[in-house]
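S.K.:
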Ligand code: BTN
């Protein structure tokens, strides 16, 4: 499923975002649309789960704050100008969309208001309701072999943490190797990096980022682990356009730095953000399930674990859960 985000829908929500009633005729005049087209747009928003009130003689009102993603507002604030930006109303998954591109030399960013099949790591679902959060993917070409991109998940996690800190979420914000961003042990963001090798030391990555921004409710059917959102923490509605621009700017800067210097230059920043060092963890990957104490990470971003029998092991992938705070 693929649907571009319509400019008129963005403008309609923009007008309604003042929280006042607006009648169909007035909205139609402002947007140069017929009343019936306005009614259809309202029905579309309702079908996406947006709460809209309507009263005879007064018109429509948004019952919860909402602003849609606006390609122009986001582009205006980008510091890296050579980026292809696509904004959709609905996609199956932003990662899947960008994975259909090959041999691109430009950086591409894809955003959507809703994913019907948002993917988390280890084949989990990433719950992606309309208009509330950030679902972003970045196609990034590297003049590097796939084997040199091991630290990419960690670099992505650090870029997300940097932006959340700029929004004032600094205390109790940590990264759990390699990609879980946790606030007070509840998940606020995660990333899914999919690397595709090409030839002659050229490769590209599709880096998918999900951030819980304005989500307040959900049914436990959709998210099984403890979660939080920026709005839950800060108690204010967050303008996702500003947030997106900042996230894209920081992500691209971090990726440029990684391209030039590799992961080693991020080690210090990682140590500041990491919540696993010294903890006793259970690590699961497709091959095994092991228990041990985390010693740290190596220069490539692999996790170093001292197993219960004292043997040191290095892991390039896996899912970790903390068993004991200290040994
Ligand atoms: C995880 O923590 O398990 C990774 C979550 C990654 C979710 C994002 S949302 C945008 C992009 N598109 C997807 O289908 N997944 C990633």
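Numbering (our numbering), first residue to last: 18 to 344. The beta carbon of each residue, even a glycine, is placed where N, CA and C say it ideally should be. As the structure is a prediction and not an experimental result, all values here were calculated from the model.
#1: Could you check whether the Cβ of residue 148 sits closer than 6 Å to any heavy atom belonging to the ligand MG?
#2: Looking at the structure shown, is residue 330 part of a helix, part of a strand, or coil, going by DSSP?
#3: Taking its Cβ as the centre, do 16 or more other Cβ atoms sit within 10 Å of residue 80, making it buried, or is it exposed?
#4: Curious, which full-length alpha helix (DSSP H) runs of at least 4 residues does the segment 157-218 contain?
#5: Starting from the Cα of residue 120, find the closest Cα among 156, 88 and 171 and give me that residue.
#6: Could you pull the DSSP bridge partners for residue 127 from this structure?
#7: Quick check: is the beta carbon of residue 68 nearer than 7 Å to any beta carbon in chain C?
#8: Report yes or no: do the segment 258-275 and the segment 138-156 share at least 3 C-beta pairs separated by less than 8 Å?
#9: Any heavy atom of the ligand BTN inside 6 Å of the beta-carbon of residue 125?
#10: Using CA coordinates, which residue listed in 126, 251, 202 and 169 is at the minimum distance from residue 186?
#11: Less than 7 Å separating the beta-carbons of residue 44 and residue 28?
#12: Return the chain-ordered list of same chain residues with a C-beta closer than 6 Å to the C-beta of residue 421, the five sequence neighbours on each side being excluded.
#13: In chain order, what residues of the same chain have a beta carbon less than 7 Å from the beta carbon of residue 59, not counting five sequence neighbours either side?
#14: Applying the criterion that 16 or more other CB atoms from any shown protein chain within 10 Å of the CB defines a buried residue, is residue 55 buried or exposed?
#15: As a quick exercise: from 116, 131 and 133, pick the residue whose alpha carbon is nearest that of residue 125.
#16: Assess, as a yes-or-no matter, whether the segment 311-327 is touched by the segment 277-289 under the definition of 3 or more beta carbon pairs within less than 8 Å.
#17: Return the Cβ separation of residue 65 and residue 148 in integer angstroms, given the expectation that the two are a contact with Cβ distance under 8 Å.
#18: Between the segment 296-315 and the segment 324-340, can you find at least three pairs of beta-carbon atoms closer than 8 Å?
#19: With H, G and I counted as helix, E and B as strand and the rest as coil, what does DSSP make of residue 233?
#20: Rounded to whole angstroms, what is the Cα-Cα separation between residue 212 and residue 305?
#21: Leaving out the 5 sequence neighbours to the left and right, which residues in its chain are closer than 7 Å to residue 163 when beta-carbon positions are compared?
#22: By the 10 Å Cβ neighbour count, where 16 or more other Cβ atoms means buried, how is residue 257 classified, buried or exposed?
#23: According to DSSP, residue 221 sits in a beta bridge with which residue or residues?
#24: With residue 82 and residue 34 assumed to form a contact (beta carbons below 8 Å), what rounded beta-carbon distance in angstroms separates them?
#25: Within 10 angstroms of its Cβ, does residue 205 collect 16 or more other Cβ (buried), or is it exposed?
#26: Among 289, 99 and 51, whose alpha-carbon lies nearest the alpha-carbon of residue 192?
#27: At a cut-off of 6 Å, is residue 335 close to the ligand BTN when judged by its beta-carbon and the heavy atoms of the ligand?
#28: Looking at residue 202 and the ligand BTN, is the gap between the Cβ and the nearest heavy atom below 6 Å?
#29: Considering only C-alpha positions, which residue in the set 180, 307 and 141 is nearest to residue 239?
#30: Starting from the Cα of residue 246, find the closest Cα among 260, 229, 254 and 261 and give me that residue.
#31: Please give me, in chain order, every unbroken run of the alpha helix (DSSP H) with length at least 4 that falls completely inside the segment 37-96.
#32: Would you call residue 329 buried or exposed, if buried means 16 or more other Cβ atoms sit within 10 Å of its Cβ?
#33: Work out the CA separation of residue 172 and residue 286 for me, nearest whole Å.
#34: In its own chain, which residues sit with a C-beta less than 7 Å from the C-beta of residue 88, not counting the 5 before and 5 after it?
#35: Measuring only from the beta carbon, is residue 114 closer than 6 Å to any heavy atom that is part of the ligand BTN?
M.R.: On the basis of the data shown:
#1: With respect to small molecules bound, the structure shown includes the ligand BTN and not the ligand MG.
#2: strand
#3: exposed
#4: The qualifying runs are 169-183.
#5: 156
#6: 103 and 154
#7: Looking at the structure shown, chain C is missing, and only one protein chain is on hand.
#8: yes
#9: no
#10: Looking at the Cα atoms, 251 is the closest of the given residues.
#11: Result no, Cβ atoms of residue 44 and residue 28 do not sit closer than 7 Å.
#12: With the chain represented from 18 up to 344, any question about residue 421 goes unanswered, as that position is not in the structure.
#13: 69 and 77
#14: buried
#15: 116
#16: yes
#17: 7 Å
#18: yes
#19: The three-state secondary structure of residue 233, taken from DSSP, is coil.
#20: 22 Å
#21: 212, 214 and 220
#22: buried
#23: 158 and 213
#24: A Cβ-Cβ distance of about 7 Å is found for the pair residue 82 and residue 34, placing them in contact under the 8 Å criterion.
#25: buried
#26: 289
#27: no
#28: No, Cβ of residue 202 sits at least 6 Å from all heavy atoms of the ligand BTN.
#29: 141
#30: 229
#31: 41-48, 52-64 and 88-93
#32: Exposed, since its Cβ has fewer than 16 Cβ neighbours within 10 Å.
#33: 10 Å
#34: 102 and 104
#35: no
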